[in-house]
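Visitor: Please read through the structure below; I'll follow up with questions.
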Amino acid sequence: MSLADHLPLAGQRAIVTGANSGIGAAAAKGLAAAGAKVLINYVTAPEQAEAVAADILASGGTAMIFQADISREDQVQAMFAAIVQAWGSVDILVNNAGLQQDAALVDMTLAQWNTVINVNLTGQFLCAREATREFLRRGPQPLSSALGKIICMSSVHDVIPWAGHANYAASKGGVTLLMKTLAQELAHHKIRVNSIAPGAIKTPINLEARDTPEEVEALLALIPYGRVGEPEDIAKATVWLASDQSDYVTGATLYVDGGMTLYPGFDKGG
Ligand code: BGC
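What the sequence shown shows, in my numbering, is residues 14 to 283, in sequence order.
This is the structure:
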């Protein structure tokens, strides 16, 4: 028995969507460090996906990369076929891929609305459906108490309204009830479905909000814990939700946000 056999996710197989950058890249590395084999999904920038895979391989882990637009049914199905062919099945899905296309309501195009809903919400549906089909097809495994684990990347904007981001907030609010409904529907199969709701994390998605010291100060005013989050903060929560350490947790949203959802404006008065 090797040391790796004692890791919490030893032998398990994971798909992380949008794993070539930001939270997805950190989650992929975190899962690999916990012993999982990781399929790194990406849609653009293959060199970034390759770099994440190289990092995992250099640390003694196992990884493959796979290009698929998760808003496209055929591409999602091809991705699941690829992991089944390579590693026999899948145990963990991290529904991470997401994007923003911000605009004031009066300026928001239907294309901006549709792109964000298609990737952030429909993409999570398509991947969750294929993962569940595969969990049910292959049946129980000795690797985990659950038949399978699905982790949906939501956002604090599944509860905090966000002016100028109607498409994004609607997609994340949708993720919450998608997650809870799937958790309710699948619990009797021993499939656990949970969400992580990150606050402001240092990733490319919010670079513009962290451009200048003034902007960072304005952002920090929204974060009681006093720092912007690191992708690794989310990766650690992802590993926990994927492991048997959280075996009794399903249908939950874990806010990893330094207190952003604590209404910091009310810390005095009200
Ligand atoms: C958004 C970021 C934002 C954060 C906190 C995230 O879901 O993608 O752009 O910084 O929420 O507002």
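Each residue gets a CB set at the ideal place from its N, CA and C atoms; glycine is no exception.
Just so you know, these numbers come straight off a predicted model, no measurement behind them.
Per DSSP, what kind of secondary structure is LYS193 in: helix, strand or coil?
Guide: Helix.
Visitor: Give every residue of the same chain whose Cβ lies closer than 7 Å to the Cβ of PHE138, excluding the five residues on either side of it in the sequence, and list them in chain order.
Guide: Excluding residues within five positions, the ones whose Cβ falls inside 7 Å are LEU191.
Visitor: Taking LYS249 as the reference, which of ALA46, HIS19, GLY31, GLY239 has the closest Cα?
Guide: Comparing Cα-Cα distances from LYS249 to each of ALA46, HIS19, GLY31, GLY239, the minimum goes to ALA46.
Visitor: Work out the CA separation of HIS170 and GLY242 for me, nearest whole Å.
Guide: C-alpha separation (whole angstroms): 15 Å.
Visitor: Excluding five sequence neighbours on each side, which residues of the same chain lie with their C-beta closer than 7 Å to the C-beta of ILE247?
Guide: If we look at ILE247 and ignore the five residues flanking it on each side, its Cβ neighbours are ILE36, ALA39, ALA40, ILE209, PRO211, ILE214, VAL269.
Visitor: Beta carbon of GLY43, beta carbon of GLY24: below 9 Å?
Guide: No, the Cβ-Cβ distance between GLY43 and GLY24 is not below 9 Å.
Visitor: Could you tell me which of GLU221, MET273, TYR181 sits nearest to ASN127, measuring between CA atoms?
Guide: Among GLU221, MET273, TYR181, the Cα nearest to that of ASN127 is on TYR181.
Visitor: Here's the rule I'm using: 16 or more other beta-carbon atoms within 10 Å means buried, otherwise exposed. How should ALA117 be labelled?
Guide: The residue in question, ALA117, is exposed, as its Cβ has fewer than 16 Cβ neighbours within 10 Å.
Visitor: Smallest Cα separation from PHE79: which of VAL119, GLN88, ARG146, THR216?
Guide: That would be GLN88, whose Cα lies nearest to the Cα of PHE79.
Visitor: Taking ALA110 and VAL132 to be in contact with their CB atoms under 8 Å, please state how far apart those CB atoms are, rounded to whole angstroms.
Guide: Yes, they are in contact, since the Cβ atoms of ALA110 and VAL132 sit about 6 Å apart, within 8 Å.
Visitor: Contact between the stretch 94-110 and the stretch 153-168 is defined here as three or more beta-carbon pairs at a separation below 8 Å; is this criterion met?
Guide: In short, these stretches touch, since the Cβ pair count reaches three.
Visitor: To test your reading of the DSSP string, which unbroken alpha helix (DSSP H) runs of 4 or more residues are found completely within the stretch 57-91?
Guide: Those alpha helix (DSSP H) runs which fall completely within the stretch 57-91 and span 4+ residues are 59-71.
Visitor: Count the CB pairs spanning the stretch 214-233 and the stretch 186-200 that are closer than 8 Å, and state whether there are at least three.
Guide: No, the stretch 214-233 does not touch the stretch 186-200.
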